[in-house]
Amino acid sequence: MKLKVCGLTKIDQIQELISLKVDFLGFIFYEKSPRYVLNHLTLKEIAEISHTGKVGVFVNESIKGIVEIASEAQLDIIQLHGDENENYIANLKTQLPFNMDIIKVIRIGNQTAGELQKTINHQLSTINYLLFDTDSKAFGGTGETFDWEILNELEIPIPYFLSGGISLENVQQLSTLNTQPISLDINSKFETEPGIKDLKKIKQLYEKL
Ligand SMILES: O=C(O)c1ccccc1N[C@@H]1O[C@H](COP(=O)(O)O)[C@@H](O)[C@H]1O
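As numbered in the numbering used here, residues 3 to 211 make up the sequence shown, in order.
The structure is reproduced here in structure tokens:
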């Protein structure tokens, strides 16, 4: 299983994660997040990070804003964590390099499995990956988990990331999922404070995967 570490803000930690062979490095371009990367790193510094899995996380951002940041920071993947619909994503794709992948986040709150399935089916033609996270007013990064059991009621026809309060404690329960995620997406449960990762804990997770 692959690993995405999200909410990175420090170059020395990023370099260490690269040497651990982390598959995806997540940078949050959402100003209201305590992990807003542009408070810590410049676009040029992100561009200079040599890795093929640099993911930019955006929440209801303008298409122009995403296209500019993706180009200047040399991102590989765009993660849409807000309420972006299929028309928005289709339009965005026309303005991004053809090989840039899109992750669409489905925030799971109190929707039924039928409602979630409809949302998934609508998005499929425009995206490369799904990501399931817990719904919240902050959009993400709360450390809250959702009940993974609902995933067993869904048909998930493309690879997906599993997110939302993933921790050393709950990772064992992955075995209850019928369709396994392509990657875990870890964040606040592997931090000492927002944006500062606990590398010791991340190494412990690697031993469990
Ligand atoms: O981390 C944030 O601050 C954040 C803010 C707004 C949107 C997404 C955000 N992070 C993403 O949320 C998931 C879940 O994080 P957690 O494990 O519950 O802390 C994370 O993987 C990021 O992709």
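Cβ atoms here follow ideal geometry from the backbone N, Cα and C, with glycine treated the same way.
These numbers come from a predicted model, not from an experiment.
- DSSP places Leu201 inside the alpha helix (DSSP H), whose first and last residues are Leu201 to Lys210.
- Cβ-Cβ separation between Lys191 and Gly145: approximately 6 angstroms, consistent with a contact (criterion under 8 angstroms).
- Within 6 angstroms of the C-beta of Tyr162 there is not a single heavy atom belonging to ligand 1.
- Counting along the chain, no alpha helix (DSSP H) covers Val107; the unbroken beta strand (DSSP E) around it starts and ends at Asp103 to Ile110.
- The alpha carbon of Asn189 has as its nearest neighbour, out of Gln174, Gln182, Phe163 and Gly84, the alpha carbon of Phe163.
- Around Asn93, the same chain offers Ile65 as residues with beta carbons nearer than 7 angstroms, after the five sequence neighbours per side are excluded.
- When rounded, the separation of the alpha-carbon atoms in Ile13 and Leu118 is 37 angstroms.
- In terms of side-chain proximity, the C-beta atom of Phe26 is found no nearer than 6 angstroms to any non-hydrogen atom of ligand 1.
- When beta bridges are read from the DSSP output, Leu126 appears opposite no residue.
- Counting C-beta pairs with one atom in each stretch, the region 201-208 and the region 163-183 have three or more that are closer than 8 angstroms, which means they touch.
- Closest by C-alpha distance to Val59, out of Asn112, Val7 and Lys202, is Val7.
- Where Tyr131 is concerned, the enclosing beta strand (DSSP E) starts and stops at Tyr131 to Thr136.
- Take the alpha-carbon of Thr96 and the one of Ile80: they are about 13 angstroms apart.
- Residue state for Glu195 is assigned as strand, using DSSP reduced to three classes.
- Rounded to whole angstroms, the separation of the alpha carbons of Asp78 and Ala72 is 8 angstroms.
- For Tyr32, no pairing in a beta bridge is given by DSSP.
- For the pair Gly84 and Glu33, the Cα-to-Cα distance works out to about 13 angstroms.
- For Gly58, the uninterrupted beta strand (DSSP E) segment begins and ends at Lys56 to Phe60.
- Relative to ligand 1, the beta carbon of Tyr131 is positioned no closer than 6 angstroms to any heavy atom.
- Spanning the alpha carbons of Ser138 and Arg109 requires a straight line of approximately 8 angstroms.
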